[in-house]
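Notes follow once the structure below has been shown.
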Amino acid sequence: MGYGMGCELIANNQQQKGITMSDNQRNFKDLRIWQDSMDLAVKVFKMTEQLPRQEIHGLSSQIRRSAVSVPSNIAEGWGRKRDKEFYRFLDIAYGSLCELETQLELAKCCYAIEVNDMQAQCESIQKQIGALRKTIMNQNQGSL
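In the working numbering, the protein residues as written are 210 to 353.
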């Protein structure tokens, strides 16, 4: 079963809504949610350069792994080509975002690093994931 997407897809720099996989075999890179999570991961990687060197194998490494996990799970779920699998991987991405928010808060508290923008981006992506999961569930009449 193809994905009935309620999220925004980007194709030829134009936003389109409600495009399904069967309409055009789109790549996960076309997903706005993937693009936003990649943008967040890049910001996180740059921010971790501000952490003390002693955190390179601690908080810095953990934050990076959480940030990488979000777009990676979105891409992997999309690649599975089944709504049930995509839904499951969106759940994992959501959990990674919660983990990332916690780690960003630690960086803020322990090292006075400005992370408010990244935390807001986490919340925005969480909302996108929630809306996408709801769309997938509705399109499958509540059963996955």
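Every residue gets a Cβ at the ideal spot worked out from N, C-alpha and C, and that includes glycine.
Nothing here was measured: the structure is a model prediction, and the numbers come from that model.
Coil, strand or helix - residue i by DSSP
{"i": "Thr344", "result": "helix"}
{"i": "Leu260", "result": "coil"}
{"i": "Ile268", "result": "Reading the sequence as shown, one finds Leu at residue 268 and not Ile. Here Leu268 sits in helix by DSSP."}
{"i": "Leu309", "result": "helix"}
{"i": "Leu240", "result": "strand"}
{"i": "Asn282", "result": "helix"}
{"i": "Leu353", "result": "coil"}
{"i": "Arg289", "result": "coil"}
{"i": "Arg297", "result": "helix"}
Local Cβ density within 10 Å of residue i, reported as buried at 16 or more and exposed below that
{"i": "Asn282", "result": "buried"}
{"i": "Asn233", "result": "Any reading at Asn233 is ruled out, since the residue's pLDDT is 48, under 50, leaving its predicted position unreliable."}
{"i": "Cys319", "result": "exposed"}
{"i": "Lys343", "result": "exposed"}
{"i": "Gly339", "result": "exposed"}
{"i": "Gly286", "result": "buried"}
Residue i versus the options, residue with shortest Cα-Cα distance
{"i": "Ser352", "options": "Phe254, Ser278, Asp292, Gln259", "result": "Asp292"}
{"i": "Ile301", "options": "Gln328, Ala284, Ser333", "result": "Ala284"}
{"i": "Cys307", "options": "Trp287, Gln330, His266", "result": "Gln330"}
{"i": "Ser246", "options": "Val324, Ser278, Ile345, Gly288", "result": "Ser278"}
{"i": "Pro280", "options": "Val324, Arg241, Gln348", "result": "Arg241"}
{"i": "Leu249", "options": "Glu264, Ile265, Gln335, Arg235", "result": "Gln335"}
{"i": "Ser305", "options": "Arg273, Glu258, Asp239", "result": "Arg273"}
Near the ligand NAP: residue i beta-carbon under 8 Å from a heavy atom
{"i": "Leu353", "result": "Absent from the structure shown: the ligand NAP. Ligands present: none."}
Cβ neighbours of residue i in the same chain (closer than 7 Å, five flanking residues each side left out)
{"i": "Leu268", "result": "Leu260, Gln312, Leu315, Ala316"}
{"i": "Glu332", "result": "none"}
Same chain, Cβ closer than 6 Å to residue i, five either side skipped, listed in chain order
{"i": "Lys252", "result": "Met327"}
Sequence-distant residues of its chain with Cβ nearer than 8 Å to residue i (five each side left out)
{"i": "Tyr296", "result": "Gly286, Arg342, Ile345, Met346, Leu353"}
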